[in-house]
Amino acid sequence: MSKDPEENKLERLLKDGLTSLWRKEKSEHQTTKGIYYPSYIGSCLRKQFYIYTVGESVTSEELAIFMTGKGVHELVAKAFGEIVKVESVEEKISLELTDKIKLSGRIDIIIADIEGKKYLIEVKSASKIPDSPYESHMLQLHAYMQALKFEEGYLLYWNKRSGEIRVFKIIKNDEMMKKLYERVAMLDYYISINSPPPPESYQNGKIWECRKCPYLNLCNPGPV
Ligand code: SF4
0 MSKDPEENKL ERLLKDGLTS LWRKEKSEHQ TTKGIYYPSY IGSCLRKQFY
50 IYTVGESVTS EELAIFMTGK GVHELVAKAF GEIVKVESVE EKISLELTDK
100 IKLSGRIDII IADIEGKKYL IEVKSASKIP DSPYESHMLQ LHAYMQALKF
150 EEGYLLYWNK RSGEIRVFKI IKNDEMMKKL YERVAMLDYY ISINSPPPPE
200 SYQNGKIWEC RKCPYLNLCN PGPV
């Protein structure tokens with residue numbers, strides 16, 4: 000059945016609007032060598048290299064995931080706010096790793112005050128609740144814990160299909176901090192020499208990440 004032009008028009012307008020919202024959000028992310036982002040650092044290093052050297056772009060699938068995640072985050076903050084005191088839903092952080100490298104950005108994190116104790120909560124929407132938290136999310140949370148001086152934090156997964164919720168308590172640990180620092184240093188090194196790192200996601204068997212990667216053609220890691 001051929002589509003009515005008005006149907007196409009509405010679909011196109013929504014996509015353009017979503018892209019515009021995404022651009023506004025990302026305009027706070029400078030891609031300047033030496034300033035890196037906790038929310039990216041656990042993802043494929045090669046993809047991050049392209050973001051810094053080619054420019055940031057997004058596929059329509061990534062856009063949908065980003066917007067859904069944002070909506071879920073706002074909803075969770077609002078729901079907590081009904082019951083407890085939510086102190087913050089956005090925090091600016093800056094974590095100096097060396098005199099030339101830092102992790103920076105305005106982050107979406109919930110800080111809730113529950114009976115006098117402050118909880119640092121990072122919300123993730125997913126199509127399936129994992130049995131254990133993803134390492135990339137733990138790295139991200141470690142950056143926040145270090146910057147905001149928390150010794151523990153929480154990863155809250157929300158299944159966007161079923162509404163199931165699962166919270167994992169994460170204690171800050173040296174091993175994860177070391178990994179975080181090493182990844183930032185590695186990314187900075189590859190950007191310095193202007194040469195892409197190995198195709199990490201592909202080599203680690205995360206082909207689904209490659210399929211939705213906006214740099215797939217440029218990266219050309221192998222059959223996907
Ligand atoms: S295609 Fe895969 S390996 Fe290459 S940059 Fe993208 S996510 Fe990384």
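According to numbering that gives the first Met the number 0, the sequence shown holds residues 0 to 223 in order.
By construction, the Cβ of each residue, glycine as well, lies at the ideal position given by its N, Cα and C atoms.
Tyr156 is bridged by DSSP to Lys123, Arg165.
Val85: member of the beta strand (DSSP E) spanning 84 to 95, first to last residue.
The way I'd put it, the stretch 183 to 200 does touch the stretch 46 to 53; three or more beta-carbon pairs between them come closer than 8 angstroms. Inside the stretch 6 to 57, DSSP marks whole alpha helix (DSSP H) runs of 4 or more residues at positions 37 to 40, 44 to 52, from first to last along the chain. For Val85, the closest alpha carbon among the candidates Lys69, Ile64, Asp130, Gly115 is that of Gly115.
DSSP places Ile113 inside the beta strand (DSSP E), whose first and last residues are 101 to 113. Val83 and Ile169 have their C-alpha atoms roughly 21 angstroms apart.
Contact between Glu89 and Asp112 does not hold, since the beta-carbon distance rounds to 16 angstroms and is not under 8 angstroms.
DSSP places Ile170 within a strand segment (E or B) once states are collapsed to three.
The distance from the Cβ of Arg182 to that of Ile40 is about 5 angstroms, consistent with a contact at the 8 angstroms cut-off. Residues of the same chain with a CB within less than 7 angstroms of the CB of Leu62, apart from the 5 flanking positions on each side, are Leu17, Thr18, Trp21 in chain order. Annotation: Pro37 to Lys14 spans about 27 angstroms, alpha carbon to alpha carbon. In chain order, Lys171, Met175, Met176, Leu179 place their CB closer than 7 angstroms to the CB of His141, counting only its own chain and leaving out the 5 sequence neighbours on each side.
Per DSSP, the continuous alpha helix (DSSP H) segment holding Ile206 begins and ends at 206 to 210.
Within a 10 Å sphere around the beta-carbon of Gln145 sit 16 or more other beta-carbons, which makes this residue buried.
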